[in-house]
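In this note's numbering, the protein residues as written are 11 to 395.
No residue lacks a Cβ here, since even glycine has one placed at the ideal position from N, Cα and C.
Treat the numbers as computed from the prediction; the structure is a model and nothing was measured.
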């Protein structure tokens, strides 16, 4: 992948991408990396929104080298280093949970700050007090939950932060982030600035102004690419049956670690990576794929980075509940039941026929449900963090 120093602009002409769902037209205004190094395109199994940007650097719908993901985290964190604190950084589930935590940890390593609180949104219920909830109207699963931080220091920081940072993989309308910012201001009326962080910003000038007005805060957007898009639906497009991927409303405390990341953190993640390497049974020279599972994306990514540093040929990505069609930059799809005991379909994209010698799957859920057969389908090694 070609990389460019921060601030370099990569010329990219307007383009039209023909998808099964319709035609996506793009105009790139500024890019630190070439468009087709950053993302591809595909169709959703959805009647709300027929297209999807398929990131090639996120590690969700496409396998990625861990070092490429690390470079992206560092690029985005660089623009945040001097923000006034305290800071609350919220990453949107499920797609951006790993990206948000990666940016957060790069920020901590670079600055040594202890006033930056990371929280992801989640689709899962816990027997914990909620801080807020909001909707992502175009999503396959609309409800987002944010829990009150478990630690009293973190809870106070959450209520008193001066800067709010929201992280998503791409921003196309900004409505979801504006809804979240407005909901947060009810909890913390002293917050004075909003920063949006994403890989690709497709808002256009008019929508950027709308977001700032809706949030009622001075707003800055940090991205690796900025542009605009238009989508023309194909009236003949039939997405087929739309899977129900909303899940159940039962609490997940019994299958999740008590200190899971949904309760907030100001410190670096600390899984026993060398112990996990030993447990994985990897052999020298094997080509590896490390998978995260749903919202549990960042610790398995850290394992992939560790394996890469030790000399293995590694790619990383994560499973998802997002229902996409095989189209353009989605070349394969494996469907299976989720590992959170919801009995909903989950998916793994673009991982077929890549010649991996061993596949490792990272889980935060224990035990795995009987119907979750992904390890058997992939002949993979499950690892419990």
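### Reduced DSSP category for residue 25 - H, G, I as helix; E, B as strand; rest coil
Residue 25 sits in a strand when the DSSP states are folded into three classes.
### Message
Could you compute how far the alpha carbon of residue 387 sits from the alpha carbon of residue 122?
### Response
Rounded to whole angstroms, residue 387 and residue 122 show a C-alpha spacing of 43 Å.
### Beta-carbon contacts of residue 61 that lie in its chain and below 8 Å, excluding the five residues immediately before and after
Excluding sequence neighbours, residue 61 sits near 29, 31, 32, 34, 51, 52, 53, 54, 241.
### Message
Using C-beta distances below 6 Å, list every residue in its chain close to residue 362, excluding the 5 sequence neighbours before and after it, in chain order.
### Response
The beta carbon of residue 362 is closer than 6 Å to those of 342 in its chain, skipping five residues each way along the sequence.
### Message
Please list the terminal residues of the continuous beta strand (DSSP E) segment that includes residue 101.
### Response
Note, residue 101: beta strand (DSSP E), 97–101.
### Query
What is the residue span of the alpha helix (DSSP H) that residue 290 lies within?
From DSSP, the alpha helix (DSSP H) with residue 290 extends over 283–290.
### Task
Over the uninterrupted beta strand (DSSP E) stretch that includes residue 343, give me the two end residues.
343–347 is the span of the beta strand (DSSP E), which, as asked, contains residue 343.
### Query
Which runs of the beta strand (DSSP E) fall wholly inside the segment 140–176 and span at least 3 residues, in chain order?
Here the runs fully enclosed are 140–145, 153–157.
### Task
Please go through the segment 51–133 and give each complete beta strand (DSSP E) segment of 3 or more residues, from N-terminal end onward.
As far as the segment 51–133 is concerned, its whole beta strand (DSSP E) runs of at least 3 residues are 61–65, 97–101, 126–130.
### Cβ-based burial, residue 141 [other Cβ within 10 Å; buried from 16]
With 16 or more other Cβ atoms within 10 Å, it is buried.
### Query
DSSP three-state call for residue 48: helix, strand or coil?
Helix at residue 48.
### Task
May I ask you to report which of helix, strand or coil DSSP gives residue 40?
Strand.
### Task
Return the chain-ordered list of same chain residues with a C-beta closer than 6 Å to the C-beta of residue 112, the five sequence neighbours on each side being excluded.
Correct list, in chain order: 83.
### Query
Can we say the segment 190–206 touches the segment 157–170, given the rule of at least three CB pairs closer than 8 Å?
The segment 190–206 is in contact with the segment 157–170.
#### Entry: Sheet register partners of residue 221 (DSSP bridge)
Residue pairing by DSSP places residue 221 in no beta bridge whatsoever.
### Contact the segment 78–93 vs the segment 363–376: 3+ CB pairs below 8 Å
By the Cβ rule, the segment 78–93 does not count as touching the segment 363–376, because fewer than three pairs are nearer than 8 Å.
### Per DSSP, cross-strand counterpart(s) of residue 392
Per DSSP, the beta-bridge partners of residue 392 are 371.
### Task
Inspect the beta-carbon positions of residue 367 and residue 298 and report whether they are closer than 8 Å.
Against a cut-off of 8 Å, the Cβ pair of residue 298 and residue 367 comes out as a contact.
### Message
Considering only DSSP beta bridges, list what residue 211 is partnered with.
### Response
181, 236, per the DSSP bridge assignment.
### Task
Measure the alpha-carbon distance for residue 392 versus residue 250 and round it to whole angstroms.
Cα to Cα, residue 392 sits roughly 32 Å from residue 250.
### Message
Output needed for residue 353: all residues of its chain with C-beta closer than 7 Å, excluding positions within five of it in sequence on either side, in chain order.
### Response
Cβ neighbours of residue 353 beyond the five flanking positions: 347, 381.
### Beta carbon of residue 37 nearer than 8 Å to that of residue 295
Contact flag unset, no.
#### Entry: residue 334 and residue 71 closer than 8 Å at C-beta
Against a cut-off of 8 Å, the Cβ pair of residue 71 and residue 334 comes out as a contact.
### Query
Under the three-state reduction of DSSP, which class applies to residue 352: helix, strand or coil?
Coil at residue 352, not helix or strand.
### Message
Residues in the same chain with beta-carbon distance under 6 Å from residue 148, minus the five sequence neighbours each way, listed in chain order, please.
### Response
Unreliable positioning characterises residue 148 in this predicted model, as indicated by a pLDDT of 47, which lies under 50. The coordinate reading is nonetheless provided below. Leaving aside the five residues that flank residue 148 on each side, the residues in its chain whose CB is nearer than 6 Å to its CB run, in chain order, 58, 59.
### Task
Assign residue 383 to one of two classes, buried (16 or more other C-beta atoms within 10 Å of its C-beta) or exposed (fewer than that).
By the beta-carbon neighbour count (other beta carbons within 10 angstroms, threshold 16), residue 383 is exposed.
### Residues of its chain near residue 27, where Cβ-Cβ distance is below 6 Å and the 5 sequence neighbours each way are ignored
For residue 27, the CB contacts under 6 Å within the same chain, skipping 5 residues up- and downstream, are 34, 51 in chain order.
### Task
Express the C-alpha separation of residue 345 and residue 120 in angstroms, rounding to a whole number.
Distance between the alpha carbons of residue 120 and residue 345 is about 39 Å.
### Query
Alpha carbon to alpha carbon, what distance is there between residue 163 and residue 289?
Those two C-alpha atoms are separated by around 35 Å.
### Task
Report yes or no: do three or more beta-carbon pairs, one from the segment 221–236 and one from the segment 249–269, lie closer than 8 Å?
Contact between the segment 221–236 and the segment 249–269 is absent: fewer than three C-beta pairs spanning the two stretches fall below 8 Å.
### Query
Would the beta-carbon of residue 375 be found less than 7 Å away from any heavy atom of the ligand FMN?
Although the ligand FMN was asked about, the structure shown includes no ligands whatsoever.
### Message
Applying the 10 Å Cβ sphere with the 16-neighbour rule, what's the burial state of residue 46?
### Response
Classification for residue 46: exposed.
#### Entry: Contacts around residue 104, its chain only, beta-carbon distance under 6 Å, and the 5 residues preceding and following it disregarded
Closer than 6 Å at the Cβ level, and outside the excluded window around residue 104, lie 304, 305.
### Task
Please list, in chain order, all residues of the same chain as residue 243 whose beta carbon is under 8 Å from its beta carbon, the five residues on each side excluded.
Answer for residue 243: 31, 32, 60, listed in chain order.
### Query
What is the DSSP secondary structure of residue 195, reduced to helix, strand or coil?
Three-state DSSP puts residue 195 in a helix.
### Query
Between residue 66 and residue 317, what straight-line distance do the alpha-carbon atoms span, to the nearest angstrom?
The alpha-carbon atoms of residue 66 and residue 317 are separated by roughly 20 Å.
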